[in-house]
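Scroll down for the structure; my scribbles are underneath it.
Numbering (our numbering), first residue to last: 86 to 234.
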């Protein structure tokens, strides 16, 4: 993706009221508990098939570890689109898809491959740079699906 021209095919706003309401309830809990807003916009690259599943059923930890578990066994996000691009797959039209998601990172700690959940007192794990791993399905909301070549 770096130093290459990327053609945006479409950007679709995801609207799943049930999932969004769960996310908002989780966000209110984070703000009440942490006394601050810890929501960040991050990217999540995936296959077209996974994208359809995410739109319907949210980010599901049951599919964690498909591409590795270096910082924990959860759902991975990055602040760098070019990093998330590595986890996309080309469909039959030569297109890829990536989500721009709202993610509640909360209190973070450096993760490792043996973590099946966040340590007590923390909300997510990280590489202390641009990767964040969540362990609760309502901790992220896929706001936009970006389709590109």
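Every residue, glycine too, gets a C-beta built ideally from N, C-alpha and C. As the structure is a prediction and not an experimental result, all values here were calculated from the model.
Cβ shell of residue 116 (< 7 Å), same chain only, five flanking positions each side left out: 122
Residue 197 versus residue 157 - alpha carbon distance: 5 Å
Cβ shell of residue 142 (< 7 Å), same chain only, five flanking positions each side left out: none
Backbone secondary structure at residue 135 - three-state DSSP: helix
Which residues DSSP lists as bridging residue 125, in chain order: 188
Bridge partner(s) assigned by DSSP for residue 225: 188
Stretch-stretch touch, CB-based, cutoff 8 Å, three pairs: the segment 162 to 176 with the segment 102 to 116: no
Assigned exposure category for residue 293 - 16 Cβ within 10 Å defines buried: The structure shown has nothing for residue 293, since the chain only spans 86 to 234.
Boundaries (first-last residue) of the beta strand (DSSP E) holding residue 163: 160 to 163
Distance, residue 95 Cα to residue 189 Cα: 26 Å
C-beta atoms of residue 159 and residue 210 nearer than 9 Å: yes
Residue range of the unbroken beta strand (DSSP E) whose run includes residue 97: 93 to 98
Spatially closest choice to residue 226 from 178, 153, 186, by CA coordinates: 186
8 Å CB neighbourhood of residue 92 in its chain, flanking five on each side removed: 233, 234
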